[in-house]
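Beneath this line is the structure, given in structure tokens, with notes to follow.
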Amino acid sequence: MYNTLRFWFRRLLENKTFVNYWAVLIADSFLSLFGTLVTLLFVGNFIENIRFIDYGVLLPLSFLLSSLFFFLLKIERKIIRHSTLKSMFRLVQAIFLKDILLLVLLLMFNNFFVIRHPGAVIFMDFFVTCVILILFRLILIVVYDFAHARFLTPKKRLLIYGTSDNSIALCKRLSSSPRYMVAGFLRMDDSMKSCEICDRHVYYINNQDGLEKLMTKYGINSILFPTHHEAKAETNRLLDYAQQLGLKTLVSQPLDEYSENKRTPIRRIKIEDLLGRDEININMELVVNHFANKIVMVTGAAGSIGSELCRQLATFGVKQLILFDNAESPLHEIRLELENNHPELKFVPFIGDVRQVERLRIAFTRFKPQVVFHAAAYKHVPLMEENPCEAVSVNVFGSRMVADLCLEFDVEEMVMISTDKAVNPTNVMGASKRMAEVYVQSLSSGIDKGEIKGRTRYITTRFGNVLGSNGSVIPYFRKQIEKGGPITVTHPDITRFFMTIPEACRLVMEAATLSTGNQIFVFDMGESVRILTLAERMIRLAGFEPYEDIDIIFTGLRPGEKLYEEVLSDKENTQPTSHPKIRIASVREYCHHDIVDYYNRIQQLAI
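Number 637 marks the last residue of the sequence shown (my numbering); no jumps.
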């Protein structure tokens with residue numbers, strides 16, 4: 031019998047079933063009626079005589095007026111288990127209005143009723159009814175909490191890091207979670223020793239032993255960080271303690287990153303959380319105004335950078351968005367995403383290759399774009415070392431054809447996505463991207479000097495690796511960990527710069543807004559990351575120990591691969607812009623007429 035009862039209670043709680051609105055309205059109305067009855071019985075027995083006919087009139091009136099005001103103030107739509115002071119005040123307000131109207135009726139028909147002190151009766155009715163209805167709600171909340179704890183034992187007892195407003199809000203959000211029980215707050219200092227917040231104790235530790243004692247004493251199996259910035263701040267301290275002890279490290283997602291159908295906005299900490307930097311602020315109003323009501327084309331629209339550019343442009347009120355790419359399946363995926371998230375957006379998926387000038391010309395002729403983001407490129411260094419002709423064909427002459435057509439069709443601006451590998455290039459991919467930079471900038475310089483007719487502004491943006499892009503090191507390491515290792519690193523001292531894809535695209539947008547043309551923008555990439563350290567931390571975040579559970583082996587630098595990446599060459603310097611994270615590179619300029627013959631010859635050799 032007990033197990034059956036437990037089973038049905040669990041089903042009821044897990045399904046988040048709520049009582050029907052009308053049932054709540056009727057229950058509240060009958061409780062209000064009961065409050066009036068108690069008041070009349072008390073008055074009739076201890077203060078003055080009340081006739082039977084008074085009961086027969088006042089009780090139905092109380093029921094009807096209560097139902098009316100409860101319905102008008104939508105009391106029945108407030109979920110009782112989540113009652114707040116505001117909802118309680120609304121309930122008291124409804125009872126007050128009911129009693130005011132009841133008092134008016136008593137005074138208007140005082141010849142019919144024999145009640146000598148109607149004000150006192152109404153005051154007592156208000157007090158008694160409020161007590162009954164509020165007590166009823168408190169009892170239901172207590173019963174629900176008891177059943178929740180008794181029949182739905184949380185799977186995870188966790189500590190929330192810190193005592194900030196984010197931490198407190200997160201604790202309140204998880205108060206009714208079926209999966210997590212907040213055992214308290216965790217601080218790395220004793221400034222709030224012995225304090226309690228939201229009925230949870232604030233614990234403090236200063237070393238791994240302290241965390242182990244908390245873990246053993248209170249059955250803690252997870253630490254929850256309110257934001258990834260706070261998690262990153264504890265990279266070499268609390269996160270290391272937790273990983274050594276086998277504690278799960280979780281992070282709460284921002285509210286705009288999860289939908290209502292997800293059970294909780296909590297996930298395991300990923301390496302991207304620890305590499306990411308504080309959010310970069312850009313002048314969104316200026317950016318939106320710059321692109322609003324314009325026809326924008328993105329080449330390489332199905333790639334990591336191109337697709338994120340499309341996602342952001344879709345929110346800017348562009349007149350039309352042209353998605354140009356030769357990858358059928360990825361282009362279909364981004365099309366479905368845009369259709370689902372932005373049904374009002376007018377966009378066209380256009381399959382084509384930047385090496386096919388006829389196909390490019392059709393796109394320019396048909397859509398007449400005003401802004402072109404050129405993100406189509408081959409980017410993998412080892413593959414381009416093995417296929418140099420394709421690197422030159424796509425990265426150099428694909429960019430050349432896009433740039434020439436922008437000039438021919440009087441496009442307002444072309445933004446080319448370049449890379450830090452174009453600085454002092456030691457591989458085919460970097461050299462091909464540098465050649466594309468030179469050609470685009472030579473066109474812009476020729477326009478500025480009046481040597482070439484046109485008004486197109488050419489802008490180049492240069493940044494390093496982006497987190498989670500197709501074929502990048504982090505997804506590759508993650509797959510190796512899932513297979514049980516080993517993780518392959520080319521060299522123990524190799525380092526790279528990293529930036530999130532949305533961050534890179536926001537800076538591209540800002541640079542395009544700031545530019546006056548003929549500029550190469552370089553972004554602040556932060557500190558370079560040692561790839562070996564990255565691999566070790568990813569292994570620990572997955573719950574394993576490097577070199578014991580999962581080995582790391584070194585394969586040697588690949589052809590054309592640098593040990594360290596650069597954003598600017600030694601001979602280059604930079605000029606500041608109005609954005610602290612964006613600078614303008616001062617690079618050597620080339621005359622367009624002087625380089626065309628060389629480009630034609632290289633193009634013939636690459637065929």
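Ideal Cβ placement from N, Cα and C applies to all residues, glycine included.
P418 (DSSP reduced to helix, strand or coil)
Residue state, collapsed to three classes: helix.
Around the Cβ of N603, are there at least 16 other Cβ atoms within 10 angstroms (buried) or fewer (exposed)?
It counts as exposed.
Can you find the residues in the same chain that come closer than 6 Å, C-beta to C-beta, to E287, ignoring five residues on each side of it along the sequence?
Only weak support is given to the placement of E287: the predicted model assigns it a pLDDT of 48, under 50, and the value that follows is read from those uncertain coordinates. Annotation for E287: no residue places its beta carbon closer than 6 Å to its own, counting only its chain and skipping 5 residues before and after.
If you check the beta carbons only, do I447 and I517 fall under 7 Å apart?
Cβ distance not < 7 Å, so I447 and I517 don't count as in contact.
Can the beta-carbon of L280 be found closer than 7 Å to that of I296?
Taking C-beta atoms as the reference points, L280 and I296 count as a pair closer than 7 Å.
On a Cα-Cα basis, can you pick out the residue from N319, R464 and G480 that is closest to L544?
When each option's Cα is compared against that of L544, the closest is N319.
When you compare the stretch 546 to 556 with the stretch 609 to 619, are there three or more beta-carbon pairs, one atom per stretch, that lie closer than 8 Å?
In short, these stretches touch, since the Cβ pair count reaches three.
Rounded to the nearest angstrom, what separates G192 and R217 at their Cα positions?
Those two C-alpha atoms are separated by around 5 Å.
Taking its Cβ as the centre, do 16 or more other Cβ atoms sit within 10 Å of H623, making it buried, or is it exposed?
H623 should be labelled exposed.
Measure the C-alpha to C-alpha separation of A542 and Q633 and round it to an integer number of angstroms.
Straight across, the Cα-Cα distance linking A542 with Q633 is about 29 Å.
Counting C-beta neighbours from all protein chains within 10 Å, is the total for V173 16 or more, i.e. buried, or is it exposed?
V173 is exposed by the Cβ-count criterion.
Span of the beta strand (DSSP E) around I489:
Where I489 is concerned, the enclosing beta strand (DSSP E) stretches over R487 to F493.
Using 8 Å as the threshold, is the stretch 259 to 266 in touch with the stretch 226 to 243, meaning 3 or more CB pairs across them?
Taking 8 Å as the limit for Cβ pairs, the verdict is that the stretch 226 to 243 does not touch the stretch 259 to 266.
Close Cβ partners of A344 (< 8 Å) along its chain, the five nearest in sequence each way excluded
Residues L351, L368, N371, H372, L375 and F377 of the same chain have their beta carbon placed closer than 8 Å to that of A344, with the five preceding and five following residues left out of the count.
Is Y408 helix, strand or coil by DSSP?
In the three-state scheme derived from DSSP, where H, G and I count as helix and E and B as strand, Y408 is classed as coil.
Under the three-state DSSP convention, the category N603 falls into
Three-state result, N603: strand.
Would you call the stretch 525 to 535 in contact with the stretch 318 to 333, where contact means no fewer than 3 C-beta pairs closer than 8 Å?
Result no; under three Cβ-Cβ pairs closer than 8 Å.
Just the C-alpha distance for G336 and H404, rounded to the nearest angstrom, thanks.
One C-alpha to the other measures close to 8 Å.
Spatial neighbours of L316 within its chain, please: C-beta separation below 6 Å, excluding the five flanking residues on both sides.
Annotation for L316: T543 place their beta carbon closer than 6 Å to its own, counting only its chain and skipping 5 residues before and after.
Measure the alpha-carbon distance for P589 versus S502 and round it to whole angstroms.
Cα to Cα, P589 sits roughly 17 Å from S502.
In whole angstroms, give me the CA-to-CA distance for V212 and S96.
The straight-line gap separating the alpha-carbon atoms of V212 and S96 is approximately 39 Å.
Could you check whether A272 and I299 sit closer than 7 Å to each other, using their CB atoms as the reference points?
Not closer than 7 Å, so no.
CA-CA distance, L98 and F72?
If I take the Cα positions, the gap works out to 26 Å.
Buried or exposed (CB count within 10 angstroms, at least 16 for buried), L635
Per the 10 Å Cβ criterion, exposed.
So the alpha helix (DSSP H) P532 belongs to, where does it begin and stop?
Bounds of the alpha helix (DSSP H) holding P532 are I531 to L544.
Within a Cβ cutoff of 7 Å, which residues of the same chain sit near L67, ignoring the five residues on either side of it in sequence?
L89.
What span of residues does the beta strand (DSSP E) with E575 cover, start to end?
For E575, there is no enclosing beta strand (DSSP E), as DSSP marks it with neither H nor E.
Using only CA atoms, which one of I152, C160, L121 and L275 lies nearest to L136?
The option with the nearest alpha carbon to L136 is I152.
Indicate the three-state DSSP secondary structure (helix, strand or coil) for T324 in the structure shown.
Just to set this straight, residue 324 is Lys in the shown sequence, not Thr. In the structure shown, K324 sits in coil (DSSP, three-state: anything other than H, G, I, E or B).
From what residue to what residue does the alpha helix (DSSP H) around F397 run?
Element bounds for F397: V387 to F397.
What does the alpha-carbon distance come out to for the pair M414 and K186?
For M414 and K186, the gap between their C-alpha atoms comes out near 48 Å.
Mind checking which residues open and close the beta strand (DSSP E) that includes F553?
Following the DSSP letters along the chain, one finds F553 inside the beta strand (DSSP E) bounded by residues Q549 to F553.
What's the C-alpha gap between V426 and Y488?
Looking at the two C-alpha atoms, the distance is approximately 15 Å.
Among the residues of its own chain, which have a CB less than 6 Å from the CB of S462, if the five just before and after it don't count?
So the list reads A421, V422, N425 and V426, once near-sequence residues are dropped.
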